[in-house]
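Q: Dumping the structure here so I can ask a few things about it.
In the working numbering, the protein residues as written are 4 to 60.
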């Protein structure tokens, strides 16, 4: 079974994304629909995605 994580900064209303990590990939899904579609990225693709954004920290 996969372990999905949600930010501790996320509100309790389930209006965010959840992330799954393993040795080969990163998964992303909508927390409102945990049984719905899941997107998976290689580590390199995920790093490129994060590098391309402007993030509130």
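Where a beta carbon is used, it is the ideal one built from N, C-alpha and C, also for glycine.
Confirm, please, whether the CB-CB distance from residue 34 to residue 57 is below 8 Å.
A: It is not a contact, given that the beta carbons lie outside the stated cut-off.
Q: Count the other C-beta atoms from every protein chain shown that fall within 10 angstroms of the C-beta of residue 32, then say buried if there are 16 or more, exposed otherwise.
A: Result: buried.
Q: In the DSSP assignment, the beta strand (DSSP E) including residue 45 goes from what residue to what residue?
A: Unbroken beta strand (DSSP E) run through residue 45: 42-45.
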